[in-house]
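Colleague: Residue numbers (the working numbering): 9 to 120.
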């Protein structure tokens, strides 16, 4: 199990914690370079993906991935990319990742 980033008293955190049973947690090091909250995570092709969310500068549509929970890289997307949003969901179905709903800069969105 992983907890990745989020909001803590005083601001946002980029901490990553892991646990095999949900009781004992260990902080991974080094922490990823990105700092977000309300960023859904999904496992796809044996890697974890963090998709969109909120930073101190507003909503983002950035995507980060790791295969080990320690070494994170930003995904360089070609083609159309979803609008920056927070409060959205991400699912994997039939070999694809889908970004669903959420709140864009101006309003709630039902686009995917």
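Beta carbons: idealized from backbone N, C-alpha and C, even for Gly.
Computed from a predicted model, the values in this text were never measured in an experiment.
If you draw a straight line from the C-alpha of residue 41 to the C-alpha of residue 100, how long is it?
Modeller: Spanning the two alpha carbons is a distance of roughly 25 Å.
Colleague: Is the segment 26 to 33 in contact with the segment 46 to 58, if contact means three or more CB pairs nearer than 8 Å?
Modeller: Too few Cβ pairs lie closer than 8 Å, so no.
Colleague: In or out: residue 62 buried (at least 16 other Cβ within 10 Å) or exposed?
Modeller: The residue is buried, with at least 16 neighbouring Cβ atoms inside 10 Å.
Colleague: Could you give the uninterrupted runs of the beta strand (DSSP E) lying entirely in the segment 66 to 116, keeping only those of 3 residues or more?
Modeller: Listed in chain order, they are 66 to 74, 97 to 101, 104 to 108.
Colleague: Looking only at its chain, what residues have a beta carbon closer than 6 Å to the beta carbon of residue 74, apart from the 5 residues adjacent to it on each side?
Modeller: The answer, listed in chain order, is 56, 80.
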